[in-house]
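> My numbering puts the first residue of the sequence shown at 187, with every later residue one more than the last. Okay, handing you the structure first.
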Amino acid sequence: MDPYIYPNTNVLINKLNIRDEQQLIDVEAQLLIAGIIDISSITHEIDFQKYKSLQKIHHFLFHELYLWAGEFRTVNIYKSEHVLSGLSVAYSDKDHIVSDLKTIFSWSKSKQWKYSNPLLLRTFLHL
């Protein structure tokens, strides 16, 4: 049983007790847009060299809707994506989220993140 969804549904448990999946998608989108507009209010707290900043951003964007906003998940997930013809992106195993993020942040530090870097595009094409 998934602790993040209401029983017998695909709807995430939320603070507004919304049980309709489409309604939750709509409300989440509206809150996300509002959060993105206001994200500059927390940029002084963000260090893009540390994975914990991702948790801060997630909490900021979703705390009004989900109790677990900003926390790492405790179950593995597969999320059918319409844009992927029902397939899912590859999510980290719940037990490897921190180590996977540390690997990604370590890799990121080794790159020269400048538009003038001709190797940057090739780096991403080989991922």
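From the three backbone atoms N, C-alpha and C, an ideal C-beta is built for every residue, glycine too. Since the model is a prediction, treat every value here as computed from it, not as a measurement.
DSSP puts ILE191 in a beta bridge; with which residues?
Locating residue 191 in the sequence shown gives position 5, where the first residue counts as 1. Per DSSP, LEU198.
> Using alpha carbons as the reference points, say which of TYR277, ILE223 and VAL213 lies closest to GLU267.
Looking up residue 267 in the sequence shown gives position 81. Looking at the Cα atoms, TYR277 is the closest of the given residues.
> Among GLN216, HIS244, LEU202 and ALA215, which has the Cα closest to the Cα of ILE228?
As a working mapping, residue 228 is identified with position 42 in the sequence shown. Selected option, being the one with the closest Cα: HIS244.
> Could you check if ILE263 is buried or exposed, using at least 16 other CB atoms within 10 Å of its CB as the buried criterion?
Taking the first residue of the sequence shown as position 1, residue 263 is located at position 77. Looking at its Cβ environment, which holds fewer than 16 other Cβ atoms inside 10 Å, ILE263 is exposed.
> Can you give me the start and stop residues for the alpha helix (DSSP H) that SER285 sits inside?
Start at 1 with the first residue of the sequence shown, and residue 285 comes out as number 99. Unbroken alpha helix (DSSP H) run through SER285: 283-295.
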